[in-house]
Amino acid sequence: MISPSATIKEAMRQMDQGAEKMLIVTDAQGGLLGTLTDGDLRRHILKEGSIEGCVGQCFNSDPVLLKDHSSLRKAQALMARHKITFLPVIDNDNRVCDILFWDKIGHEKVQSDTVADIPVVIMAGGKGTRLEPFTRILPKPLIPIGNKPILEIIMDKFNAYGIQEFFLTVNYKGEMIKSFFDNTKSKYKISYVWEKQFLGTAGSLSLLPENFSSPFIVTNCDIVLETNIADVLRFHQENENDITVIGSVQHVALPYGVIEFSQNGCIDKMREKPEFDITINTGVYVLNKDSVACIPKDTPIDMPELIAILMKQGRKVSVFPISEKSYIDIGQWAEYKKNIHALMA
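Take the sequence shown: its position 55, counted from the start at 1, is 63 in my numbering, and no numbers get skipped.
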């Protein structure tokens, strides 16, 4: 439950603490005012260009509701008709007495959340130096989390939205990666894109087959996102983007006092342990096929360079913001240790 006067930042924090990406908005007496989803927050952030503001500016004041004592079949039919993933149940006093979730009462995934024909390119060719000494023996994509390697967990996350086709760009210990999936008889359709040299975070995209589907997803092999991929693709297509960058809104607190000074060392301002809200690049993108046409074959280039080229050409590059906890970077030991139990759940 959240008040309409609560800040956007507080709403994002509450969503990160719960399993579902939604909140119920209530008045001081607990009466239902509406609902708030991560999509509502995202639209507000994109419209305003910041995460300032309050819940009252962006919540849905006319949500689909169910009266208490209605049948489960009616709830299922209502959710299927409106293609919604949750349904507040209210009593005669307009108080929420229950919330029904489609993944608990439905029989299959909401149709609008299925994106089966979208391929995913996973950049799996790097040396993984941040995870040494493990990566001197195993390639980073095969480092285990429980009984599965990182790479398979990433593929499983995408498969939850119906995605079956994966292209792995490989170089360092690439034969070991291929051998693993060959021997485990993976249920996914996996193709390999072999780099002759290290091509950066975008160079290997020039090696994709000519009949490659568009749009497609690109991800690093050490990133796990807890966000709705179908929403990302809808955003990309509805906004007619050439590239969509998934960005995570992060709260950063510096542990030091900060000095701002001008000429001759004259101090203008001092701030003690300032805090900032920034949006970082998660390393996950949606691209149109023609966005990679400018990459010469077998030429090293990183994704920021490609994006800069496209922006200079007047192409449209947009950000799809997600919350802080929706982004997990397991490419360094501290984050790996912190998140291993959550990813095994």
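Beta carbons are placed, not taken as given, at the ideal position from N, Cα and C, and that holds for glycine.
Could you please give the first and the last residue of the uninterrupted alpha helix (DSSP H) stretch that includes residue i?
i	result
ASN228	Careful: ASN228 lies outside any alpha helix (DSSP H), inside the beta strand (DSSP E) at 224–228.
VAL300	Careful: VAL300 lies outside any alpha helix (DSSP H) and carries neither H nor E.
ILE5	Missing from the structure shown is residue 5; the chain here goes from 9 to 353 and no further.
PHE142	Looking at the DSSP string, PHE142 is not in any alpha helix (DSSP H), and its letter there is neither H nor E.
ASN167	158–167
Tell me, please, which residues DSSP counts as bridged to residue i.
i	result
GLN258	ILE286
LYS277	GLU268
MET30	THR45
ASN68	THR43
THR15	CYS62
VAL294	ILE225, THR252
Does DSSP classify residue i as helix, strand or coil?
i	result
ASP106	strand
MET9	coil
THR235	coil
TYR344	helix
LEU207	coil
PHE328	strand
ILE153	strand
PHE94	strand
LYS75	strand
ILE315	helix
ILE251	strand
VAL240	helix
GLU218	coil
ASP111	helix
ASP101	coil
GLN37	coil
ARG21	helix
GLN321	coil
ALA88	helix
LYS305	coil
ALA124	coil
LYS55	helix
LYS135	coil
My assumption, with CB atoms under 8 angstroms, is that residue i sits in contact with residue j. Please give the rounded CB distance.
i	j	result
GLY170	THR137	Not really, about 34 angstroms apart at Cβ, beyond 8 angstroms.
LYS297	PHE220	6 angstroms
ILE107	LEU80	In fact, because the Cβ distance is near 14 angstroms, the residues do not count as touching under 8 angstroms.
THR192	ASP310	The Cβ separation is near 31 angstroms, so there is no contact.
LYS181	PRO147	4 angstroms
VAL129	ILE237	That belief does not hold up - the Cβ atoms of VAL129 and ILE237 are roughly 14 angstroms apart, past 8 angstroms.
PRO12	LEU31	In fact, because the Cβ distance is near 11 angstroms, the residues do not count as touching under 8 angstroms.
LYS4	TYR264	The structure shown does not extend to residue 4, since the chain is modelled only from 9 through 353, so no value can be given for it.
SER256	ILE330	5 angstroms
VAL72	ILE92	6 angstroms
GLU203	GLY133	5 angstroms
VAL33	ILE10	6 angstroms
Report the option in the options whose CA atom is closest to the CA atom of residue i.
i	options	result
ILE336	ILE59, ASN228, GLU183	ASN228
PHE328	LEU233, PHE94, LEU108	LEU233
ILE303	GLU332, GLY211, TRP202	GLY211
VAL325	SER78, ASN289, GLU343, ILE185	ASN289
LYS29	LYS17, ILE315, CYS62, PHE94	PHE94
GLU160	ASP99, CYS105, LYS135, PHE188	PHE188
VAL201	PRO217, ILE267, SER78	PRO217
PRO223	PHE243, LEU207, LEU215, HIS77	PHE243
SER78	MET184, GLY61, LYS91, VAL97	VAL97
GLU18	HIS259, TRP341, PHE269	HIS259
SER69	ASP48, LEU54, ASN272	ASP48
ARG50	ILE10, ILE251, GLY273, VAL240	VAL240
GLN340	GLU173, LYS135, PHE67	LYS135
LYS333	ILE16, GLN22, MET9	GLN22
LEU262	LEU44, GLN245, GLU283	GLU283
GLU248	SER58, GLY322, VAL72	GLY322
PRO308	SER214, MET163, CYS62	SER214
LYS195	VAL178, GLU173, LYS186	GLU173
ALA27	THR34, SER58, ASP46	ASP46
LEU207	MET184, LEU86, LEU314	LEU314
TYR293	GLY154, THR235, ASP35	THR235
ALA301	ARG279, TRP110, ILE251	ILE251
ALA124	LYS165, TYR344, LYS156, PRO149	LYS165
LEU74	LYS197, LEU86, PHE67, GLN65	LEU86
ALA168	LYS186, THR177, ILE126	ILE126
ILE231	ARG89, GLY291, PHE175, SER270	GLY291
Would you give the residue range spanned by the beta strand (DSSP E) that residue i belongs to?
i	result
THR192	Careful: THR192 lies outside any beta strand (DSSP E), inside the alpha helix (DSSP H) at 182–192.
ASP337	335–337
GLU173	173–178
LYS197	197–202
ILE130	128–131
Is the beta carbon of residue i within less than 7 angstroms of some heavy atom of the ligand SAH?
i	result
LYS112	For the ligand SAH, the structure offers nothing, since it holds no ligand at all.
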